[in-house]
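To start, the structure itself, in structure tokens.
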Amino acid sequence: MAFLKRRRFISVIGRKSAVPPGVWMKCAGCNQPVIRTEVGANQWVCPRCNYHLRITARRRIQYLVDPDSFQETHGTIVSADPLGFSVDEVNYSYRERVKKAKEKTGLNEAMITGFGRIESTRTVLALMDFSFRGGSMGSAVGEKFCRAVDDAVRERLPVVLFAASGGARMEEGLLSLVQMAKTADAVRRINEARLPYIAVLTDPTTGGVYASFASLADIILAEPGAHIGFAGPRLIESALKVELPEGFQSAEYQFRNGFVDRIVNRTELRPLLGKLLRYLSTP
Amino acid sequence: MTRSSRATESGLPHDLSFEATIAAIEKRIEEAASDEDRAAAQAELERESRRVFSKLTPWQHVELARHAQRPRMLDYTSRLLDDFVELHGDRALGDDPALVGGIGRFRGRSLVVVGQQKGVSTDEKVKRNFGMPHPEGYRKALRLFELAERLGLPVVTLVDTPAAHPGLDAEQHGQGPAIARNLWALTRLHTPVFTAILGEGGSGGALGIAVGDWVAMFEHAIYVICPPERCAEILWRDPAKKELAASALRVTAAELLELGVIDAVLPEPGGGAHRNPDAAADVLAEELDRFLAGVDEGRWTLEARQQKFRRMGRWEDAG
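Spelled out as structure tokens, the structure:
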């Protein structure tokens with residue numbers, strides 16, 4: 000299946016540590032050798048085939064925000080282990096997993112929030128990072144998004160979200176599920192304050208994040224080829240016993256079905272966001 | 000494994016294995032020769048039900064919540080409401096039989112009632128897609144929520160679904176955005192919303208109609224982020240570890256009350272709601288009545304619902 004094949008490749012080259020520090024790398028999109036530094040210089044988009052590799056939230060900030068304008072907020076909000084989710088029989092501990100994720104990524108959580116200028120427009124940003132527990136949303140991510148929204152409402156700033164998430168965080172159980180309602184309520188506050196909210200859906204944006212704040216934006220942009228959908232493709236395949244069509248739940252598929260405003264190349268995001276923020280903030 | 004074949008003995012097909020002793024006493028009550036015998040067996044039944052149900056494992060709660068005989072949404076509405084006029088269609092694409100909605104009369108007042116109906120017979124289950132709504136269902140619910148707000152009617156949502164339907168058409172029609180829109184709409188719906196989790200509260204499929212001022216949950220219902228089987232598959236690549244997942248996920252009403260994500264636990268009649276649907280419906284009716292009385296006394300505000308959800312979650316501040 001094309002989708003699964005693609006994902007397998009991502010796991011090979013998407014993780015930086017798995018790539019040998021060579022000059023060449025193989026692009027997961029076109030399967031051709033490409034020069035690593037060229038891909039990096041192109042914001043980790045294949046210069047041959049426009050394949051968009053997953054990137055970290057820190058890189059996003061670097062590509063997006065005016066130099067030295069980013070001020071991180073709420074960075075001390077971290078996951079607790081509210082259910083005491085450790086299962087000795089399978090040697091699984093949520094606390095341990097979170098600790099490892101922190102060490103691996105250098106992040107405190109799967110979302111970074113802060114203030115920053117995008118082409119001079121001051122903005123509240125929320126950026127998810129798939130490398131931290133699959134960008135999953137637990138209590139900390141939900142709370143950070145809500146606090147970022149509070150900042151925006153207080154200072155009358157637009158909100159820009161970069162979504163990247165496999166869905167709700169399993170190990171916080173129903174506390175994760177209700178973050179969907181909590182973040183939807185945050186979007187309500189942005190709306191009632193009459194402030195613009197733009198979401199950029201990146202690979203992947205699925206499950207509980209897609210079914211809450213990520214799909215409630217005023218303007219929804221997506222990166223080419225990003226996987227966007229509610230139910231996981233493997234779940235659908237096993238439930239329906241069908242093979243999924245090529246390109247199912249791709250950004251292009253969601254665009255065709257009317258759920259995405261525009262598909263935007265990563266290198267063109269900054270100017271487009273800058274323009275939209277200017278147009279919407281100074282009508 | 001847990002299904003026993005006691006169908007002919009108890010009259011209740013699909014008894015769960017831990018219900019066997021209860022079913023045996025029920026049979027004795029049925030066949031009792033004298034009133035004395037019957038009374039004695041009745042007393043024993045109560046003791047035995049209490050004994051069995053006082054030490055249910057989380058996985059047994061999952062089994063009870065999915066029990067083939069568990070009362071469905073329409074079993075409750077037929078008992079709870081004096082009348083119910085079902086309304087159909089999302090005004091855009093179609094009508095979803097998995098999500099039932101309409102106008103109900105309850106103790107002399109009108110309500111908008113919305114819920115998932117899993118189905119009883121095989122035909123009905125298929126027709127209703129086992130209670131798994133499509134986006135059309137969530138949009139029908141939304142349309143009825145808005146109707147309730149316009150006309151000043153309280154909303155009652157009755158949750159019983161394994162999940163929102165995972166499928167090609169559901170994705171094509173925007174399952175994620177449809178659920179998101181309902182969550183958003185419920186955080187601003189200016190009319191009282193009462194929610195009851197009847198059996199299975201399955202993830203976003205449940206939450207899409209469950210952002211209530213007052214969320215009550217039956218004692219043996221479950222409310223989950225993900226079915227325990229699937230959680231075990233995702234985390235440990237082994238669906239057979241479902242019992243471990245059911246414990247770790249905290250799926251029971253008592254645990255969820257403690258976590259502050261539901262507001263009340265509705266006690267079930269001895270042996271579970273399926274052994275006495277009338278009594279279970281009475282419990283639900285009284286809870287709804289109390290809620291509406293509070294509304295009548297001016298104790299309802301939209302802000303309270305918004306703040307309740309705003310506060311949900313448990314995190315640490317390392318700063």
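Residue numbers (numbering that gives the first Met the number 0), protein chains in the order written: chain Y, 0 to 282; chain V, 0 to 318.
Note that CB positions come from ideal geometry on N, CA and C, so glycine has one too.
It should be emphasised that the depicted structure is a prediction, and the values quoted were computed from it without experimental measurement.
In this structure, MET127 (chain Y) lies away from ALA139 (chain Y), with their beta-carbon atoms at least 9 angstroms apart. Within chain Y, no C-beta atom comes less than 7 angstroms from the C-beta of TYR75 (chain V); the nearest is roughly 22 angstroms away.
Proximity of ARG138 (chain V) to chain Y, defined by a Cβ-Cβ separation below 9 angstroms, is not satisfied. Neighbours of LEU215 (chain Y) in chain V, taken as residues at a C-beta separation under 9 angstroms, are given in chain order as PRO176, ALA179, ARG180, LEU182 and TRP183. Annotation for PRO46 (chain Y): VAL33, GLU37 and VAL38 place their beta carbon closer than 8 angstroms to its own, counting only its chain and skipping 5 residues before and after.
Of the residues assessed, VAL125 (chain V) falls on the exposed side of the cut-off, its CB having fewer than 16 other CB atoms within 10 angstroms. Within chain V, no residue has its CB atom less than 7 angstroms from the CB of CYS48 (chain Y), the nearest being about 26 angstroms off.
Here ALA244 (chain V) has PRO227, CYS230 and ALA231 as same chain residues with Cβ atoms under 6 angstroms from its own Cβ, once five neighbours each way along the sequence are excluded. An exposed status is given to VAL241 (chain Y), since fewer than 16 other beta-carbon atoms sit within 10 Å of its beta-carbon. Counting the other CB atoms within 10 Å of its CB gives SER237 (chain Y) a total below 16, which places it among the exposed residues. Contact annotation: in the segment 80-106 of chain V, no residue has its CB less than 9 angstroms from a CB in chain Y. In this structure, the alpha-carbon of ASP295 (chain V) lies about 40 angstroms from that of ILE76 (chain Y). For the pair GLY175 (chain V) and SER135 (chain Y), the CB atoms are not nearer than the 9 angstroms cut-off. Counting only runs of 3 or more residues that sit fully inside the segment 180-233 of chain V, the beta strand (DSSP E) segments are 192-201, 213-217 and 221-223, in chain order. In the three-state reduction of the DSSP assignment, ILE21 (chain V) falls in the helix class.
For the pair of segments examined, the segment 260-275 of chain Y was found not to touch the segment 188-200 of chain V: the number of CB pairs separated by less than 8 angstroms stays below three. For GLN171 (chain V), the chain Y residues whose Cβ falls inside 7 angstroms of its Cβ are ASN256, in order along the chain. Rounded to whole angstroms, the Cβ separation of ALA40 (chain V) and ILE21 (chain V) is 11 angstroms, and the two are not in contact under 8 angstroms.
Distance from PRO134 (chain V) to ALA169 (chain V) at the Cβ level is roughly 6 angstroms; contact confirmed, criterion being Cβ atoms closer than 8 angstroms. Taking the C-beta atoms as reference points, GLY207 (chain V) is found no nearer than 9 angstroms to LEU188 (chain V).
In terms of Cβ geometry, PRO203 (chain Y) and PHE129 (chain Y) form a close pair [threshold 9 angstroms]. Here GLU62 (chain V) is buried, its C-beta having at least 16 other C-beta atoms within 10 Å. GLY206 (chain Y): member of the alpha helix (DSSP H) spanning 206-209, first to last residue. At a cut-off of 9 angstroms, the C-beta of VAL158 (chain V) has no neighbouring C-beta in chain Y. In this structure CYS29 (chain Y) is exposed. Its beta-carbon is surrounded by fewer than 16 other beta-carbon atoms within 10 angstroms. Chain V places no beta carbon closer than 9 angstroms to that of PRO32 (chain Y), leaving this residue out of the contacts.
When 7 angstroms is used as the limit between beta carbons, ASP184 (chain Y) is near these residues of chain V: THR186, GLN305, PHE308 and ARG309, in chain order.
From the beta-carbon of PRO203 (chain Y), no residue of chain V is found nearer than 9 angstroms; the closest lies around 12 angstroms away. Taking 9 angstroms as the CB threshold, LYS103 (chain Y) stays off the interface with chain V. Against ARG71 (chain V), chain Y offers no close residue; the least beta-carbon distance is about 21 angstroms (beta-carbon pairs closer than 9 angstroms). Residue pairing by DSSP leaves THR76 (chain V) without any beta bridge partner. When C-beta atoms of the segment 69-89 of chain V are compared with those of the segment 256-263 of chain V, fewer than three pairs fall below 8 angstroms, so the two segments do not count as touching. Assignment of beta-bridge partners to SER92 (chain Y) by DSSP yields Y:SER85. Interface residue (Cβ-Cβ distance to chain V less than 9 angstroms): PHE161 (chain Y) is not classified as such.
Fewer than three beta-carbon pairs drawn from the segment 248-257 of chain V and the segment 188-200 of chain Y are found closer than 8 angstroms, and the two stretches are therefore not classed as touching. Counting along the chain, the unbroken alpha helix (DSSP H) around VAL177 (chain Y) starts and ends at 172-191.
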